[in-house]
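Line by line, the protein sequences are chains S and U. 85 is the number that UniProt numbering gives to position 85 of the first sequence; each next residue is one higher, with no gaps. 247 is the number that UniProt numbering gives to position 247 of the second sequence; each next residue is one higher, with no gaps. Beta carbons are placed, not taken as given, at the ideal position from N, Cα and C, and that holds for glycine.
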Amino acid sequence: MAGSGTAHLRGDEALLSVRDLVVEYPGKAGTVQAVSGVSFDVLPGETLGIVGESGCGKSTTGRALLRLDRLTGGRISFEGESIEQASEQRMRTLRRHMQMIFQDPVASLNPRRSVRDIVVEGLAIAGATAGEREQASADVLEKVGLSGERFAGMLPRQLSGGQAQRVAIARALAVGPRLLLCDEPVSALDVSVQAQILNLLAELKAEYDLTVLFIAHDLGVVRTISDNVMVMYLGKVCEFGDAVGVYDEPAHPYTKALLDSVPLTDPDRGFAGPALEGDVPSPLAPPSGCRFRTRCPLAQDRCAAEEPQLREVRPGQYAACHFPLYQADPATNGAA
Amino acid sequence: MSAEPVLQVRNLRAHIGTARGVVRAVDDVSLDVDRAQALGVVGESGSGKSVMAKAVMGLLPPRAACSGEVLFEGRDLLSLPRKERAQIWGKQIAMVFQDPGRSLNPVVRIERQLTEGMRRLLGTSRSEARGKALELLSEVGVPDPERRLRNYPHELSGGMRQRVMIAIALACEPDLLIADEPTTALDVTIQRQILDLLRRVQRDRGMSLVLISHDLAVVAGRTDRVAVMYAGRLAEVGATRSVFDSPRHRYTHALLEATPALDHERNAPLRLIPGSLPDPTDPPPGCRFTARCAQVEDDCRDPGPSMALVGADHYAACTRPVAAGDVPLPVGGGSGGR
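What follows is the structure, encoded as structure tokens:
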């Protein structure tokens, strides 16, 4: 579970590049190592899903990209511009191109402002006239499937969860972003509403030529929306690759265990495979070597001594594991 | 079913007064929980599943008006004198809640929380209760139980806290365990451990289990029967296999299709259920799913459907049920083929 590797990087044409991202929170009990050397690229027009359990660093990574949290180390470049040191003023401009949608839609909207004002707040800051804002507000609400006539005057608390998330999406779209960063955008919603929001995101992505970074814990949701998927565990990357490849033939034992733990709607099987034992170790003192080794059914001495690097296991799929379930060259190590 | 069901809910209504009007949270629901079986209760928010559980446990606020019957071993919990009910709750019927962090007392050691029920309801001696507590912690898979007894809740992980909650619920050897969204706050690998544990203790102890979840998949592989609720009403109930293999109510069918599967085809839009829940203070006449259903006709509103047998041990309240054997697509959360 190295994540320190770079084999999976896709280079120059990336819209967003992250290199060796480190986020740590010093505290009384020690330093929480939330993200420990994570690198990835997001290509223009791509939807990259980041999936993992709580404490894996997926949300911290997302917040760090927008510089909402202080970085401990690493480099981030957006459209070729290095932003890890950018001034707060410059970030404010850049965030028009990098918009975010959060988990709790009602809490992410200002409770005292009308839907009309919320969705064009960004434009107001950018100096749009009242007439322009009125028009923009009606247009963008229409795009997310809310009738301006009915909703423009409402306050957030009058909206259902799904409606509030549509407003949050409209607010993000209003400023014309290139990158949409979604942090658990549907996990607070009911299944029937969740599907509406996921389909809406897919439609808007095509219409506005958006690049999407989609962070979620729900594997089914991530599969539905993503082109590529990155699986994280305890601040590191385990596996990266084409969503279909990663889901159908996971190479990292953690990815497989995660998939095997998802309950199935099939009453005969219940689950696809065996359970994973134990709990996630403390991020204050993560295990040496591979951070997954304490729960890994395949762990050996080498996993404690040496941190595995990401390497290609099949075209477009990378795993950070000494003993991957699939690998390019079957001559080395004991693959499954 | 051979013996009489352990719990019989009959025409239960729970109407809760709020500032916006009377919320008809549970509206005429009848349901059986069989002995030594696991019943899943599934529904989205506003379906009434949790309110029903709280009505059974006597946990609804005083402003909630309940009518109907909740028969536990033939005695109606809604009309029993308070003293007699207190002998049933916690002892014969126990409950596990969603958030183990908030259901445990943060300033009391695990030992006292585990032994309290046995000491108070069964009159178990202190040393005997301690021995029993150690056994319970082992049964629910808490490692190093001796040390854990001295811990406070914050010293345990979320998964361990939920195991402790289950141990507390089992302490008085209940006949019925009601688990309300027991894994919703947990990560997927820990959820898996807790679901396996619940099914194991239910079978080992020959206990009845009601597993309440918003997630169809959570109940699918772990229950004998399943009840699907929508907007305060029971939509469909039957043998779990039958309901999942061939859902007959339009809502169940649509819900299964809207669930993102692990083998979902890339870029294929999810089937969705348009619209949202009806206003719980003013539900539509007849079937409550009419505003979102693709097959709605006049008789869905008037007279509306009533619960009818649609297969072996399978009932649905739908005027135009889905044809038997019409399998929803995608078939399931299956990461099939691996």
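*asked:* Along the segment 273-293 of chain U, where does the CB come closer than 7 Å to a CB of chain S? Name the residues.
replied: Against chain S - using a Cβ distance shorter than 7 Å - the residues of the segment 273-293 of chain U are I273, S276.
| query | Helix, strand or coil for N110/S per DSSP? | reply | Numbered from its first residue, the first sequence carries residue 110/S at position 110. It is coil, neither helix nor strand.
Can you tell me whether DSSP reads C182/S as helix, strand or coil?
Mapped onto the first sequence, residue 182/S falls at position 182. Looking at C182/S - three-state DSSP - the assignment turns out to be strand.
message: What does the alpha-carbon distance come out to for the pair T240/U and G46/U?
response: Taking the first residue of the second sequence as position 1, residue 240/U is located at position 240. Taking the first residue of the second sequence as position 1, residue 46/U is located at position 46. Taking the straight line from one Cα to the other gives about 22 Å.
Report back the beta-carbon spacing between V212/S and C182/S to the nearest angstrom; my notes put them in contact at under 8 Å. Counting from one through the first sequence, the residue named residue 212/S turns up at place 212. Counting from one through the first sequence, the residue named residue 182/S turns up at place 182. Under the criterion of beta carbons closer than 8 Å, V212/S and C182/S qualify as touching, at roughly 7 Å.
Problem - Beta carbon proximity, D183/S to chain U, threshold 8 Å - result: Along the first sequence, read from residue 1 onward, the residue named residue 183/S stands at position 183. With 8 Å as the cut-off, D183/S does not count as an interface residue toward chain U.
| task | Could you please give the first and the last residue of the uninterrupted beta strand (DSSP E) stretch that includes L141/S? | result | Along the first sequence, read from residue 1 onward, the residue named residue 141/S stands at position 141. No beta strand (DSSP E) contains L141/S, which is instead part of the alpha helix (DSSP H) from 130-143.
query = Using a C-beta to C-beta distance shorter than 7 Å, which residues of chain U count as neighbours of P267/S?
reply = In the first sequence, the residue the question calls residue 267/S occupies position 267. Chain U residues near P267/S: A220, G221, T240, R241, F244.
Exercise for review: Give every residue of the same chain whose Cβ lies closer than 8 Å to the Cβ of D313/U, excluding the five residues on either side of it in the sequence, and list them in chain order.
Suggested key: Here residue 313/U is taken as the residue at index 313 of the second sequence, counted from 1. If we look at D313/U and ignore the five residues flanking it on each side, its Cβ neighbours are R225, G238, A239, S242.
Review point. Can at least three beta-carbon pairs, one atom from the segment 22-34 of chain S and one from the segment 191-211 of chain S, be found at a separation below 8 Å?
Key: no
Check this for me: beta carbons of S50/U and D180/U, under 8 Å apart or not? The residue given as residue 50/U occupies position 50 in the second sequence. The residue given as residue 180/U occupies position 180 in the second sequence. The answer is yes: Cβ separation under 8 Å.
message: Out of S187/S, A251/S, I169/S, which one is the CA nearest neighbour of G220/S?
response: Here residue 220/S corresponds to residue number 220 of the first sequence, with the count starting at 1. Among S187/S, A251/S, I169/S, the Cα nearest to that of G220/S is on S187/S.
Tell me where the beta strand (DSSP E) around F72/U begins and ends.
Here residue 72/U refers to the residue found at position 72 when the second sequence is read from its first residue. Taken as a continuous stretch (DSSP letters only), the beta strand (DSSP E) holding F72/U covers 64-72.
Exposure of R82/U, with buried meaning 16 or more beta-carbon neighbours within 10 Å
For the purposes of this step, residue 82/U is taken as residue 82 along the second sequence, with counting starting at 1. That one is exposed.
DSSP state of M307/U, grouped into three classes? Here the question's residue 307/U lines up with position 307 in the second sequence. Coil at M307/U, not helix or strand.
- Query: Using a beta-carbon distance below 8 Å, is residue 342/U in contact with chain S?
  - Reply: Any property of residue 342/U remains undetermined from this structure, which presents chain U solely from 1 to 338.
Cutting at 8 Å between CB atoms, please list the residues of its own chain near P5/U, excluding the five before and the five after it. Residue numbering aside, residue 5/U sits at position 5 when the second sequence is read from its first letter. Within the same chain, P5/U has close Cβ partners D32, V33, D34, R35.
Within its chain, find whatever has a CB closer than 6 Å to the CB of V228/U; leave out the 5 residues flanking it on each side and keep chain order. On the second sequence, position 228 is the one that residue 228/U refers to. Taken in chain order, the residues that qualify are V42, A235, E236, T252.
Point to revise | Nearest neighbour of K256/S, chosen from P324/S, E79/S, I83/S [CA to CA] | key: For the purposes of this step, residue 256/S is identified with residue 256 of the first sequence, where counting begins at 1. Distance check between K256/S and each of P324/S, E79/S, I83/S places P324/S closest, using alpha-carbon atoms only.
Does the beta carbon of S59/S come closer than 8 Å to any beta carbon on chain U?
As a position in the first sequence, residue 59/S is number 59, starting the count at 1. Answer no: the Cβ-Cβ gap between S59/S and chain U never drops below 8 Å.
- Just how far apart, CA to CA, sit T61/S and T281/U? Along the first sequence, one-based indexing puts residue 61/S at 61. Along the second sequence, one-based indexing puts residue 281/U at 281. Answer to the nearest angstrom: the Cα atoms are 43 Å apart.
_Is the beta carbon of K54/U closer than 8 Å to that of P174/U?_
By one-based count along the second sequence, residue 174/U stands at place 174. By one-based count along the second sequence, residue 54/U stands at place 54. No, they are not a contact pair.
CA nearest to the CA of H217/S, picked from V188/U, G141/U, G159/U:
Reading the first sequence from its first residue, position 217 is the one you call residue 217/S. Among V188/U, G141/U, G159/U, the Cα nearest to that of H217/S belongs to V188/U.
Notebook entry, point to check: With 16 as the cutoff for other CB atoms within 10 Å, does I83/S come out buried or exposed?
Noted result: By one-based count along the first sequence, residue 83/S stands at place 83. Label assigned to I83/S: buried.
| said: Please state the DSSP three-state secondary structure of D20/S. | reply: By one-based count along the first sequence, residue 20/S stands at place 20. D20/S falls in the strand class under three-state DSSP.
### Query
Using CA coordinates, which residue listed in A34/S, L16/S, A164/S, S192/S is at the minimum distance from P281/S?
Position 281 of the first sequence, counted from the first residue, corresponds to residue 281/S. Checked all of A34/S, L16/S, A164/S, S192/S; the closest Cα to P281/S is A34/S.
Practice task
Could you tell me the boundaries of the beta strand (DSSP E) in which P151/U lies?
Solution key: Locating residue 151/U in the second sequence gives position 151, counting from the first residue. As written in the sequence, residue 151/U is Asn, which differs from the Pro given in the question. Where N151/U is concerned, there is no enclosing beta strand (DSSP E), given that its DSSP letter is neither H nor E.
Quiz item: Going along the chain, which residues of its own chain have a beta-carbon closer than 7 Å to the beta-carbon of S103/U, five neighbours each way excluded?
Solution: Stepping through the second sequence from its first residue, residue 103/U is reached at position 103. Same-chain partners within the cutoff: F97, M165.
So is T332/S buried or exposed if we call it buried at 16+ other beta carbons inside 10 Å? Reading the first sequence from its first residue, position 332 is the one you call residue 332/S. Low confidence applies here, because T332/S scores a pLDDT of 48, under 50, leaving its location unreliable; read the following figure in that light. Exposed, because fewer than 16 other Cβ atoms sit within 10 Å of the Cβ of T332/S.
| query | Which bits of chain U does L219/S rub up against, with CB to CB less than 8 Å? | reply | Reading the first sequence from its first residue, position 219 is the one you call residue 219/S. In chain order: V188, L262.
What's the gap between the Cα of L201/S and the Cα of Y247/S? Numbered from 1 along the first sequence, position 201 holds the residue referred to as residue 201/S. Numbered from 1 along the first sequence, position 247 holds the residue referred to as residue 247/S. Those two C-alpha atoms are separated by around 21 Å.
task: With DSSP collapsed to three states, give me the class of Q92/U.
output: Here the question's residue 92/U lines up with position 92 in the second sequence. Three-state DSSP puts Q92/U in coil, outside helix and strand.
Candidates L9/S, T47/S, R19/S: which alpha carbon is nearest N228/S's? Position 228 of the first sequence, counting from 1, holds the residue named residue 228/S. When C-alpha distances from N228/S are compared across L9/S, T47/S, R19/S, the shortest belongs to T47/S.
| Near-chain U residues of the segment 189-214 of chain S - C-beta to any C-beta below 7 Å | D190, V191, S192, V193, A195, Q196, L198, N199, A202
Tell me whether K236/S sits in a helix, a strand or coil according to DSSP, three-state version.
-> For this step, residue 236/S is matched to residue 236 along the first sequence. Strand.
query: When burial is assigned at 16 or more other CB atoms within 10 Å of the CB, is M29/S buried or exposed?
result: Numbered from 1 along the first sequence, position 29 holds the residue referred to as residue 29/S. For clarity, residue 29/S is Ala in the given sequence; the question names Met instead. So A29/S ends up on the exposed side.
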